[in-house]
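FYI, the numbering for the first sequence is 241 to 807, going by the working numbering.
For every residue, glycine included, the Cβ atom is placed at its ideal position computed from N, Cα and C.
One structure below.
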Amino acid sequence: MPRRFLVTAGLPYSNGRLHVGHVAGAYLPADIFARFQRARGNEVCFVCGSDDHGVASLMKAREEGVPVEELVGRYNRLQEEDFGGLGIEFDIYGGTHRPEFLETHTRFSQSMFRRVHDNGYFVKRTTKQLYDVEADQFLPDRYVEGTCPKCGNEDAHGDQCDNCGSTYDQIELENPRSTITGTTPELRETTHWHLSLDRFQEPLREWLETKREPHGDQPAWRPTVLNFVLGQIKGGLPERAMTRDLHWGIPVPLEDPDAEGKVMYVWFDAPIGYISFTAELMKRQGNEADYERWWKSEDSEIVHFIGEDNTVFHALVFPAMLMAEGTYQLPSQVVSNSYLNINFGGEEQKISKSRGNAVWVGEYLQDFDPDPLRYYLTAVAPETSRTAFDLADFVQRNNSELLGALGNFVNRVLTFTRRFFDGVVPPVGTRDEADAAQIAAIARAQTAIAENLDAHRYKAALGELMALSREANVYFNEKEPWALRKTDPEAAGTVLNVCVQTVWSLAVLMSPFLPFSAARIRTMLERPEGDWVWDSATEELPAGSPIGEPVLLFRQYELESEDDSAE
RNA sequence: GCCGGCGUAGCUCAGUUGGUAAGAGCGCAGGAUUCAUAACCCUGAGGUCGGUGGUUCAAUUCCACCCGCCGGCACCA
Numbered sequence: 241m242p243r244r245f246l247v248t249a250g251l252p253y254s255n256g257r258l259h260v261g262h263v264a265g266a267y268l269p270a271d272i273f274a275r276f277q278r279a280r281g282n283e284v285c286f287v288c289g290s291d292d293h294g295v296a297s298l299m300k301a302r303e304e305g306v307p308v309e310e311l312v313g314r315y316n317r318l319q320e321e322d323f324g325g326l327g328i329e330f331d332i333y334g335g336t337h338r339p340e341f342l343e344t345h346t347r348f349s350q351s352m353f354r355r356v357h358d359n360g361y362f363v364k365r366t367t368k369q370l371y372d373v374e375a376d377q378f379l380p381d382r383y384v385e386g387t388c389p390k391c392g393n394e395d396a397h398g399d400q401c402d403n404c405g406s407t408y409d410q411i412e413l414e415n416p417r418s419t420i421t422g423t424t425p426e427l428r429e430t431t432h433w434h435l436s437l438d439r440f441q442e443p444l445r446e447w448l449e450t451k452r453e454p455h456g457d458q459p460a461w462r463p464t465v466l467n468f469v470l471g472q473i474k475g476g477l478p479e480r481a482m483t484r485d486l487h488w489g490i491p492v493p494l495e496d497p498d499a500e501g502k503v504m505y506v507w508f509d510a511p512i513g514y515i516s517f518t519a520e521l522m523k524r525q526g527n528e529a530d531y532e533r534w535w536k537s538e539d540s541e542i543v544h545f546i547g548e549d550n551t552v553f554h555a556l557v558f559p560a561m562l563m564a565e566g567t568y569q570l571p572s573q574v575v576s577n578s579y580l581n582i583n584f585g586g587e588e589q590k591i592s593k594s595r596g597n598a599v600w601v602g603e604y605l606q607d608f609d610p611d612p613l614r615y616y617l618t619a620v621a622p623e624t625s626r627t628a629f630d631l632a633d634f635v636q637r638n639n640s641e642l643l644g645a646l647g648n649f650v651n652r653v654l655t656f657t658r659r660f661f662d663g664v665v666p667p668v669g670t671r672d673e674a675d676a677a678q679i680a681a682i683a684r685a686q687t688a689i690a691e692n693l694d695a696h697r698y699k700a701a702l703g704e705l706m707a708l709s710r711e712a713n714v715y716f717n718e719k720e721p722w723a724l725r726k727t728d729p730e731a732a733g734t735v736l737n738v739c740v741q742t743v744w745s746l747a748v749l750m751s752p753f754l755p756f757s758a759a760r761i762r763t764m765l766e767r768p769e770g771d772w773v774w775d776s777a778t779e780e781l782p783a784g785s786p787i788g789e790p791v792l793l794f795r796q797y798e799l800e801s802e803d804d805s806a807e
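See below:
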C-alpha cells in the first residue's frame, strides 16, 4: 500500500533572490525527500510558492519605487528560476499574490478566517497605535523611530532601544517619527482580531508530546523543534493579532464595520498558501476538491520543511489555526533545520545581504553545476546545529569526494568496459566471494539510505551513498581487472559486470540527491528515461546491454582569488 | 537573568538504549598501482571524548556543579 505525502517547503518572501542558506534549510531536503518517496512508489505532492504579503516586500517596493505587485511578481519568477536551476522540482510553485493563484488563495484564506471566527477563537481588541497620516496607515514597530524613553537615544526603534537595550511600547517613544514619510505620527485607536492561542496550549502540548516518539510510519520529530515549541507552551502562549492595518494582504472577510480596510496578518494567510496552491494544482488537474485528499484525509502525511525561524508558525500557530478551523488534519512532521552560516574572510558569519557575504543561487549557477551544491549543502546540512558554508570546503569536497570517490568510480568502470569489453555489459560468469560481497553491499546501502531518508537524516543518508562508492573503488582495486583481463578474461568480465551493476545502483540511489548526475549515468547506460524506481537499484542489467560514450559527471574546481568567491 | 543547543584526532564532524566503538571523511606523511578527471588503493595520528565531583562492577554515553562558545526570550519573520 503506497503512502501519500503532502510535502511543503517554507514559502520564501518574494523580496529577494535565494542564497545557499535558504536552499540548505528547507528546499533541498524537501526536494530530496520528495524525490525519494516518489522513487519508492509513494504518491507525493510537493508544494511551494512565495509569500507575497510580507511587510518586508512592501518596504522594498517602496524603496525601489515600484508597485508591490510588480516587485513580488518579479521575485516570484526569479526564485522559481533559481529553484529550477538547482533541480528543486515542485509539483506546483504558487504565490500568495500571484495572479493565477490570487482568487483561490483569497477564497481559502477568507474561508479559514471566517471559520475560525465563527468557531469563536478570535478575540476582538481595540488598542492605540501610531498612525502616519501622510502614508495613510498604522505603523508597525519597524516603521517608527524616536527618542528612547529610558536613555534619551534619539534613534531608538519602535519597540526597543539599541543603545540601552530596553524595550517598551511604541507609544512610549518620545518624538516619534514615521520611517516611511518622516512625519510625526498621531495616536489612533484600532481594532484587531487576536487568535486565542492560550486556548490551544493543552491540545498543542498533548499533540506535540506524541511526536517525541515514532508515531505510525513517522519518525520522532527532531528534539530541537520539540524542545523549542514545548518550551514556548510552558512559558504560556499569548494572544496574537491576526489582522493588520495595511493595504497589502488578504482582506478580512467579516461584516463587522471595524474590519473595514483591514487585511490578514501575513502569517495567517501564508501557511494557507500550502493549501490553496494544492487546490489550484488539483483544479488544473481537473477537480479542486481533490485537495481534501491531501489535507483532510488521514492516510495523507503532511510534512513541512522549514528553516528554524519558522518553527513557531509551523509547529504552534498554524496547527492552532487548523484546530480552530476544525476540518483539517495536523502536520505529521515538521522538519526544521538550523541556520547555515558562512565562512567569510576566515570568520564564521550569519548570511546577510547587508554584509554582502551571501552566496546567491543564481550567481552560483553561472559558474558551477547544480549537483555539487546539492551534494555540499547536504553534506554540511545544519540538521542538529548551525553549520557553515565554506567555499574552500565546497571545492575540496567536490574534488575529493564527489569527483574522487563517486565520479571516478563511474568513469573508470565505464571507460574500462568500453575499451576492453566491446562497450557492453560482460557476462556474469562465476562470482566469487568478493564479487558477491560487492553485490551485497549495494542492497545494504540501499536499505541504509532509505532508513536514513525516512528518518530525515539526509547527511547520514548521503554518507551511506559515498561509502558505497568507496567500497566499490576498493573492490575494483583489489580485483585488479586491468591485470586479470590478461590472465583470466572471463573473471575480469565478472568483475566489470559487478562494477557496472554498482554504477547503475549508484545512479538510482543518488537520484534523490544528485538528479542531474543520475540522469547522465542513465543515459550512458542507455536505460530508458522516466521516473526513478528505488527498487530497481538491485535489478541487474543483463549481459550484453550497451554502454554509451562515458561523460564526466563532475568537474575539478579550483579555488579562485578570494574576491569573486562569494560576491 | 531565564530557556535551549553545543564543546570528541590538525580541520569538519558520527557516536542509537552506559561495558573490546573511541570512530569516519578531509588534510598531512610514507608506500603501492595504472582501468580512471595527478584520480584510485594500502599504512600511520597514540586524541585526558571542555573541567570537577557523583551514581555504577563499568561512563564520552546517566546526575550535579563549573568554564567556554552560539542561539531564543519583539505587534521579526
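Specify, as a first and last residue, the run of the beta strand (DSSP E) that residue i falls within.
i	result
G386	384–387
S290	283–290
V363	362–372
Who are the Cβ neighbours of residue i in its own chain at under 8 Å, not counting the five residues just before and after it?
i	result
E283	P242, R243, R244, F245
A645	M706, S709, R710, N713
I787	L654, T657, R658, G663, V664, V665, V740, M764, L765, E766
I411	K368, Q369, L370, L427
E446	none
D509	H293, T336, H345, S349, G489, I490
Q569	W535, K536, S537, E538, S540, I542, L562
E310	A301
Y615	R637, N638, E641, L642, L702, F753, L754
Identify, in the order they occur along the chain, each residue of the same chain with its Cβ nearer than 7 Å to the Cβ of residue i, setting aside the five sequence neighbours on each side.
i	result
A681	L708, E711
D395	E385
V791	R760, M764
S776	V748
Take residue i and list the residues in its own chain whose beta-carbon comes closer than 6 Å to its own, dropping the five residues that flank it on each side.
i	result
T423	E374
W600	R257, H259
A266	A249, G250, F545, I546, G547
R808	This structure does not reach residue 808, given that the chain is present from 241 up to 807, and the question cannot be answered.
A598	H259, I591
F649	S709, A712, N713
M561	none
D438	L477
P571	I542, H544
R725	F660, A732
Going by DSSP, what residues sit across from residue i in a beta bridge?
i	result
A674	According to DSSP, which records beta bridges pairwise, A674 is partnered with nothing at all.
G335	S290
Q741	Looking at the DSSP assignment, Q741 forms no beta bridge with any residue, so it has no partner.
R244	E283, S540
P729	None, per the DSSP bridge assignment.
F330	According to DSSP, F330 bridges with nothing at all.
H483	Sequence check: residue 483 is Thr here, not His. Its beta-bridge partners are M504.
Q377	D372
Just to check my reading of the structure: residue i and residue j have Cβ atoms closer than 8 Å, yes? What is that Cβ distance to the nearest angstrom?
i	j	result
L631	L754	Actually they do not touch by this definition, with Cβ atoms about 20 Å apart.
W507	V557	6 Å
G294	Y579	Their Cβ separation, rounded to whole angstroms, is 19 Å, which puts G294 and Y579 out of contact at 8 Å.
D381	H397	7 Å
G647	L793	4 Å
Q606	Q458	That belief does not hold up - the Cβ atoms of Q606 and Q458 are roughly 40 Å apart, past 8 Å.
Quick one: give me the first and last residue of the alpha helix (DSSP H) that residue i is part of.
i	result
I272	268–279
P667	Note, P667: premise wrong, no alpha helix (DSSP H); not H, not E.
H345	339–358
E718	698–719
A519	506–525
V308	308–325
V263	No alpha helix (DSSP H) contains V263, which DSSP labels as neither H nor E.
A529	It is not in any alpha helix (DSSP H) - A529 carries neither H nor E in the DSSP assignment.
A296	295–304
- With a floor of 3 residues, list each beta strand (DSSP E) that falls wholly inside the segment 601–655, ordered by position along the chain. Scanning the segment 601–655 from its first residue to its last, the whole beta strand (DSSP E) runs of 3-plus residues come out as 627–629.
- Item | Every unbroken alpha helix (DSSP H) within the segment 755–800, with a cutoff of 4 residues, ordered by chain | Listed in chain order, the complete alpha helix (DSSP H) runs (minimum 4 residues) inside the segment 755–800 are 755–764.
- Message: Extract the residue ranges of the beta strand (DSSP E) inside the segment 392–469, only unbroken runs of 3 or more that lie entirely within it.
- Response: You should have 414–418, 426–435.
- Every unbroken beta strand (DSSP E) inside the segment 537–609 [3 residues or more]: Counting whole runs of 3 or more residues, the segment 537–609 contains the beta strand (DSSP E) stretches 540–547, 573–577, 580–584, 587–589.
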